[in-house]
Amino acid sequence: MSRARVIVLNAALGPLDYRVPQGMVVEPGSIVVAPLGPRQLVGAVWEPERLQTEEVGDNRLRNLVHVYDLPPLAAPLRRLIEWTADYYLAPLAAVLRMALPSSGALDGARSITEYRATGHVPERLTPQRAQALERIGERQGLVAELAIIGGVSDGVIRGLVKAGAIEPIEVTIDDPFPVPKPDHGPPALDASQAEAAGALRAAVAAGEFAPYLLDGVTGSGKTEVYFEAIAEAIRADKQALVLLPEIALTEPFLKRFAARFGCDPVPWHSGLRQSQRRRAWRAIATGEARVVVGARSSLFLPYPRLGLIVVDEAHEASFKQEEGVQYHARDVAVMRASFEQVPVILASATPAIESRYMAEIGTYAELKLPDRYGGARLPDMAAIDMLQDPPPRGRWLAPGLVEALEENLTNGEQSLLFLNRRGYAPLTLCRHCGYRFQCPNCTAWMVEHRFTRRLACHHCGHVMPSPKACPECKEEDSLVACGPGVERIADEVHALFPDARTIVVTSDTIWSPAKAAEFVARMEAGEIDIVIGTQLVTKGYHFPNLTLVGVVDADLGLSGGDLRAAERSFQQIRQVSGRAGRGGKHGRVLVQTHDPSARVIQALVSGDAEGFYAAETDARREAGMPPFGRLAAIVVSSEDQAEAIESARMIGRAAPAHDNMAVFGPAPAPLAMLRGRHRYRLLVHAARAVPVQDNIRDWLGALTWPRGVRVAVDVDPYSFL
Ligand code: ADP
Ligand code: ZN
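Heads up: the sequence shown is residues -11 to 709, going by our numbering.
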């Protein structure tokens, strides 16, 4: 009789054994349906010797229900899933889930029914129906997807279908994707580009694990260079994966890709409709999707013939997943490349200290592009001392920056103001009684969004209409905004330059690839003079007529004070500076700061990246911080504060004593309350050689805590909130 060990998609369960019924054939990696009590769950067959589980007698086994007609998950992916679960202390099922799509994509339907508006206006047009139709516009999707877009219930959409205002439409989901042509539009590379591209092409052809750090200044042509590696993978009939840190960057990427390879790659991100996801997943799993560009989640997809992984803007903190399985996509990408025996390219103009260190000790090969392509120079950088040259009261742009903006307007050139803060103002208070608006669920101020006339919590998404009167003292029109957000800077720009055409670019305004495309088109058409944006505009974009970048508050990123604060500020400001002067015209960058002598500002203005990195790296080495030591955070949370603190203390008291490993805390987290849960943090700090995960597993595995308490372990944490 034949049995199979299966990881089922239920994080609370370990591996389970099943009987393979007569006539069914499974192998490790097969995707199956298994019974569990009265339900049926999707799962994957695994090598029994690799998973411990309780032995169950043959006579007690239940039959597997079904095996899907799909290629089994290959061994390198199975090893990656195991490694990820082990390293990040996550359930295997939770990691496996990232490799599998919703069950719809598994069963291989050839078409799916989507819905779209017909243009017919129903007789009974309730406000909800009107809102739904207006928001849906030309878009199409499942009932549930349209309900989300329309901000209404599924019932409203179904009602609209009955009324003839929305109609079903069959969408085929197994249309093949076009194959990119490696020789469609190759550029003529300059000498240093050609050298880097040559090394990467050879690595792809060799088909072995080889990590590369592609370190090139902004505008040096890193994308063009790694495109050559992708071309080589296509020629070798392999698949290539490009990871991008934001889905907003997908659109400009698609355009460049199409210009180089003659068609779009296959995108994978959270903005896809279900039908698009199904089609993409199946094409990836069968090997038909040749080049995939995606967010970090595309890293776990079942590519049967992976030949190359590229991580673009590899220093970006958004590669760190902060919920569920808390993995870092850059690190997992290197691991996947190693299991798959393929090269991996980490591309960045400002590589993370961790990556630079790996290059320094020779683990990664370093490829440098020291100059901008085509003779474009890096922009001139200067600091504006906000104490010497302050803006007028209630304003945020110093006279020096305003003058520069004016010059650019006169010359018909574009400018970018960078402030990494969404909304109008970070804090709203009552001028009369001092009342401050705080999120009811989080230790955070409600942020005013004047465009939508709301206050919003940026941590949990709680929103409320902006009130007319103070809820505390009832005084009317007494609320004042404190500090600037991008919307407030936009107001200031309007007041200064009423004729300037501006756009605010944040995740509130550019929330889909289509919106990003629209933004790019308007910039390229010269319809915008001044962009005011958050970190969303710091990378990826190439606007030749953009010649001035103003950093509104260079000190902002330093206030958090975690171990990477200075590094992150440096990277972010360097990146946004890199948007200036990318074409024929020279660019300049003005950095507003209250502390022009700070090391970060000095390094930015002088351009001495090497000196800055060296000093930061030394400080990390001395403190035994990553990459020279290891950290893990343990966050204990509960809706009940007493329960949270007691559990955190109990865990702290049970902390094991190991050489070269110290446990700090518990202490209230800086975000002491999040989504209604009280949070306490412990921090584990250890030498590199210490098996931190094993120690934590043993430590926490021996403890129990009340049901309402959640204990989340964050290995290699990036957030210290
Ligand atoms: P990076 O990713 O390093 O910031 P990009 O790859 O975006 O740089 O290149 C900057 C600009 O220069 C892009 O518009 C790109 O198309 C162009 N470019 C770079 N290298 C070449 C080349 N060899 N031939 C033609 N255009 C190039
Ligand atoms: Zn909140």
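We put the beta carbon where it would ideally sit given N, CA and C, even for glycine.
| Asked | Found |
| --- | --- |
| Rounded to a whole number of angstroms, what is the C-alpha to C-alpha distance between V109 and E155? | 12 Å |
| Does the distance between the C-beta of V357 and the nearest non-hydrogen atom of the ligand ADP fall short of 8 Å? | The displayed chain sequence assigns Leu, not Val, to residue 357. Because some heavy atom of the ligand ADP lies under 8 Å away, the Cβ of L357 counts as near it: yes. |
| With three or more beta-carbon pairs closer than 8 Å as the criterion, would you say the segment 247 to 257 touches the segment 510 to 517? | no |
| Can you have a look at R381 and say buried or exposed, based on whether 16 or more other CB atoms are within 10 angstroms of its CB? | exposed |
| Select from G400, F708, K573 the residue whose C-alpha is nearest the C-alpha of R552. | F708 |
| Check whether the Cβ of P428 lies closer than 8 Å to any heavy atom of the ligand ZN, and answer yes or no. | yes |
| Provide the residue span of the alpha helix (DSSP H) that contains L688, from first to last. | 680 to 689 |
| Quick one: what does DSSP say Q227 is sitting in, helix, strand or coil? | strand |
| Suppose the cutoff is 7 Å on Cβ atoms and the five residues either side in sequence are ignored; what does the same chain contact list for A660 look like? | T431, H666, R667 |
| How about T206: is its Cβ closer than 8 Å to a heavy atom in the ligand ADP? | yes |
| Looking at the unbroken alpha helix (DSSP H) that takes in F652, where does it start and where does it end? | Premise fails: F652 lies in the beta strand (DSSP E), 649 to 662, not in any alpha helix (DSSP H). |
| Please report the Cβ distance between I100 and S258, rounded to the nearest whole angstrom; I am assuming they are in contact, meaning their Cβ atoms lie under 8 Å. | Wrong, their Cβ atoms sit about 19 Å apart, outside the cutoff. |
| Less than 8 Å separating the Cβ of R663 from some heavy atom of the ligand ZN? | yes |
| Look up F708 in the DSSP assignment and say whether it is helix, strand or coil. | coil |
| Quick one: grab the DSSP three-state call for S343. | helix |
| Does the distance from the CB of R27 to the CB of R7 come in under 9 Å? | no |
| Could you give the uninterrupted runs of the beta strand (DSSP E) lying entirely in the segment 421 to 460, keeping only those of 3 residues or more? | 435 to 437, 442 to 444, 451 to 453 |
| Name the residue from H450, L77, R410, E394 whose alpha carbon lies nearest to the alpha carbon of Q681. | L77 |
| Please state the DSSP three-state secondary structure of S403. | strand |
| Count Cβ pairs between the segment 131 to 146 and the segment 160 to 173 that sit closer than 8 Å; are there 3 or more? | no |
| Taking the beta strand (DSSP E) that G388 belongs to, which residues open and close that run? | Taken as a continuous stretch (DSSP letters only), G388 belongs to no beta strand (DSSP E), being part of the alpha helix (DSSP H) at 387 to 398. |
| Whole angstroms are fine: how far does the CA of E212 sit from the CA of A305? | 24 Å |
| Return yes when the C-beta of R570 is under 8 Å from any heavy atom of the ligand ADP, and no when it is not. | yes |
| Note the first and the last residue of the continuous beta strand (DSSP E) segment covering M369. | 368 to 373 |
| Is it the case that the Cβ atoms of P9 and L52 are separated by a distance below 9 Å? | yes |
| Quick check on the DSSP output: the beta strand (DSSP E) that includes D702 runs from which residue to which? | 698 to 703 |
| List the residues that DSSP assigns as beta-bridge partners of E464. | A457 |
| Quick check: A82 and A(-1), are their CB atoms within less than 9 Å of each other? | yes |
| Select from S635, Y214, G209, L94 the residue whose C-alpha is nearest the C-alpha of I161. | L94 |
| At 4 residues or longer, and completely inside the segment 95 to 128: list those alpha helix (DSSP H) runs for me, N to C. | 115 to 124 |
| What is the rounded straight-line gap between the Cα of R318 and the Cα of A597? | 22 Å |
| Counting only the same chain and skipping the five closest in sequence on each side, list residues whose C-beta sits under 7 Å from that of I124. | A105, L134, I137, G138 |
| Bridge partners for L534 per DSSP, in chain order? | Q402 |
| Between L334 and K226, which are expected to be in contact by the criterion C-beta below 8 Å, what is the C-beta distance as a whole number of angstroms? | Not really, about 19 Å apart at Cβ, beyond 8 Å. |
| Please report the distance separating the alpha-carbon of T274 from that of I19. | 14 Å |
| Spell out a yes or no on whether the segment 625 to 638 and the segment 568 to 579 are touching, meaning 3 or more CB-CB pairs, one atom from each, closer than 8 Å. | no |
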